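First residue of the sequence shown? That's 5 in my numbering, and the numbers climb one at a time after it.
From the three backbone atoms N, C-alpha and C, an ideal C-beta is built for every residue, glycine too.
None of these values were measured; they are calculated from a predicted model.
Presented below is the structure to which this report refers.
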Amino acid sequence: MRKLAHVEKIEWKRPIEGADRIELVGVLGWQCIANKDEFNPGDLCVYIEIDSVVDKDNPDFAFLEKRKYKIKTLKMRGQLSQGIVFPITILHDSKKHAIGEDVTAALKITEIEDVIPRPKPADDMTRLRQRHRKLAKNRVFKWFMKFKWFRKLAFRLLLPKKSSGKFPDWISKTDEVRLQNMPEVLEEYKGKPMVVTEKIDGTSSTYGLRKGKGRKYEFVVCSRNVRQEDMNQKCFYDDNFYWVIAFKYKIRDVLTDIAKKNGASCVIFQGETAGPGIQDNKYKLKDYDIFGFNLIIDGKKLDSCKAKEIMASYSIPWVPVLDENFILLPTVEEMLSYADGRSVVFDTLREGIVIRDHENTTSFKCISNKFLLKHNL
Numbered sequence: 005m006r007k008l009a010h011v012e013k014i015e016w017k018r019p020i021e022g023a024d025r026i027e028l029v030g031v032l033g034w035q036c037i038a039n040k041d042e043f044n045p046g047d048l049c050v051y052i053e054i055d056s057v058v059d060k061d062n063p064d065f066a067f068l069e070k071r072k073y074k075i076k077t078l079k080m081r082g083q084l085s086q087g088i089v090f091p092i093t094i095l096h097d098s099k100k101h102a103i104g105e106d107v108t109a110a111l112k113i114t115e116i117e118d119v120i121p122r123p124k125p126a127d128d129m130t131r132l133r134q135r136h137r138k139l140a141k142n143r144v145f146k147w148f149m150k151f152k153w154f155r156k157l158a159f160r161l162l163l164p165k166k167s168s169g170k171f172p173d174w175i176s177k178t179d180e181v182r183l184q185n186m187p188e189v190l191e192e193y194k195g196k197p198m199v200v201t202e203k204i205d206g207t208s209s210t211y212g213l214r215k216g217k218g219r220k221y222e223f224v225v226c227s228r229n230v231r232q233e234d235m236n237q238k239c240f241y242d243d244n245f246y247w248v249i250a251f252k253y254k255i256r257d258v259l260t261d262i263a264k265k266n267g268a269s270c271v272i273f274q275g276e277t278a279g280p281g282i283q284d285n286k287y288k289l290k291d292y293d294i295f296g297f298n299l300i301i302d303g304k305k306l307d308s309c310k311a312k313e314i315m316a317s318y319s320i321p322w323v324p325v326l327d328e329n330f331i332l333l334p335t336v337e338e339m340l341s342y343a344d345g346r347s348v349v350f351d352t353l354r355e356g357i358v359i360r361d362h363e364n365t366t367s368f369k370c371i372s373n374k375f376l377l378k379h380n381l
């Protein structure tokens, strides 16, 4: 689970020209607007990130009702404010809290994406018809299915034991850390060539292949948080485009071929799917498409440039590589300014960039502030 609320230290504060009641404070690499003199440098605080939804039943958050309890990027008095800062006393306990401590659960903070209702999994009868189409149409089988004892036996024998919708525990979910949460990386990787790719505004899609007993492979298709059992499983969108992409690019065959060529037992491909109905289709795509960003072979995440080359041999798109040997800029502000720009996919504001070193020992994202403000994020 993403750490949305955490204990941090106030790094600095400075006045806002023409403002008597508010001022700017710095937390990690973030800039926030706070009440004047509420904090001093060195004070512990609770920082809640953008993309968060606070607990509407908590009276400490009552003032956020007009914003539907959502934390988004704001601009006031010409100054950008990202996230919200509270005194440490908001935790209402006498414990000694450490910098970096995760208090997301304690404050009942959720991610904006997480409050979308999840579709109910298909019932057993629907799943059986999907997996055994010919058998389900058989007259004798249909007659026996009238009896409860037979249905119970059929479901037990013919349906998979694993619960539908459970994200595989052998695959890591995708979620890049924002630069503002790890500003120290600019000094740590100073002068080291990095790979910069465009961050596509779509929805995360994961495809995994793992060798089971014998020579058989298990193939899974997943959205960001849910395993998509088959083409007919309901998802947030009208079409289960996770499977549409799987069929379009024959991803199972591709991953199988990669596994065999590398003598691997596990291959994972992850990308951002975009197209009609997804995030307002900012790239004006006529059909669903995927832009890969991770290729993992037996637990090793390949260099972005090498991965792009491999997937290109199967005609599978990769996120645009903007610079293969980028040298990090010295400040967070300069990096965020660099993140602003136009998309390579379509002439629109790009969401931002993702930066990784060639060994994939670190990676982080810089989201364009212009993009956040334009789309009220």
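A direct Cα-Cα distance of roughly 13 Å separates F145 from K156. Taking 9 Å as the cut-off, the Cβ atoms of Y292 and I255 do not count as close. Taking a contact as a CB-CB distance under 8 Å, the pair I113 and L8 counts as one, their CB atoms being some 5 Å apart. Here Y246 has S209, V225, C226, S227, Q232, C239 and T277 as same chain residues with Cβ atoms under 8 Å from its own Cβ, once five neighbours each way along the sequence are excluded. Here A311 is buried. Its C-beta has 16 or more other C-beta atoms within 10 Å. Counting along the chain, the unbroken beta strand (DSSP E) around E15 starts and ends at A9 to P19.
A38 sits buried, since 16 or more C-beta atoms from the chains shown fall within 10 Å of its C-beta. Counting the other CB atoms within 10 Å of its CB gives I320 a total of 16 or more, which places it among the buried residues.
G22 is classed as exposed because its beta carbon has fewer than 16 other beta carbons within 10 Å across all chains shown.
By the CB criterion at 9 Å, I14 and D47 fall inside the cutoff. If you draw a straight line from the Cα of K304 to the Cα of C270, it comes to about 10 Å.
Around the CB of N142, fewer than 16 other CB atoms lie within 10 Å, so the residue is classed as exposed.
The shortest CA-to-CA distance from W174 to any of N285, R131 and R214 is the one to R214. Segment contact: the segment 189 to 205 against the segment 319 to 334, three or more CB-CB distances shorter than 8 Å; contact assigned. I92 is a Cβ neighbour of H101, given a cutoff of 9 Å. Collapsing the DSSP output to three states places L139 in a helix. Distance between G206 and F295, taken at the CA atoms: about 9 Å. Cβ-Cβ distances below 7 Å link D361 to Y193, K196 and M198 in the same chain, with the five nearest sequence neighbours on each side left out; the list follows chain order. For Y221, the enclosing beta strand (DSSP E) has its first and last residue at Y221 to C226.
Rounded to the nearest angstrom, the gap between the Cα atoms of C36 and N364 is 31 Å.
For I294, DSSP records a beta bridge to T277. Cβ-Cβ distances below 8 Å link V189 to L183, L332, T366 and F368 in the same chain, with the five nearest sequence neighbours on each side left out; the list follows chain order. Taken through DSSP and simplified to helix, strand or coil, Y246 comes out as helix.
In the assembly as shown, I75 is a buried residue. Its beta-carbon has 16 or more other beta-carbons within 10 Å. An exposed status is given to A109, since fewer than 16 other beta-carbon atoms sit within 10 Å of its beta-carbon. The beta-bridge partner set that DSSP reports for C309 is empty.
Comparing alpha carbon positions, the residue from E202, R219 and F350 closest to I357 is E202. By the C-beta density criterion, S372 is buried, having at least 16 other C-beta atoms within 10 angstroms. Looking only at A343, L306 and F350, the smallest Cα-Cα distance to K290 is reached by F350.
A distance below 7 Å between beta-carbons, with the five flanking residues on each side excluded, links L78 to the following residues of its chain, in chain order: S85.
For E27, the enclosing beta strand (DSSP E) starts and ends at I26 to V31. Listed as beta-bridge partners of A38 by DSSP are E27. Straight-line measurement puts the Cα of R18 at about 34 Å from the Cα of I204. Close CB contacts of A268 within its chain, under the 6 Å cut and outside five residues either way in sequence, are with I301 and D302 (chain order).
In chain order, A140 place their CB closer than 7 Å to the CB of R133, counting only its own chain and leaving out the 5 sequence neighbours on each side.
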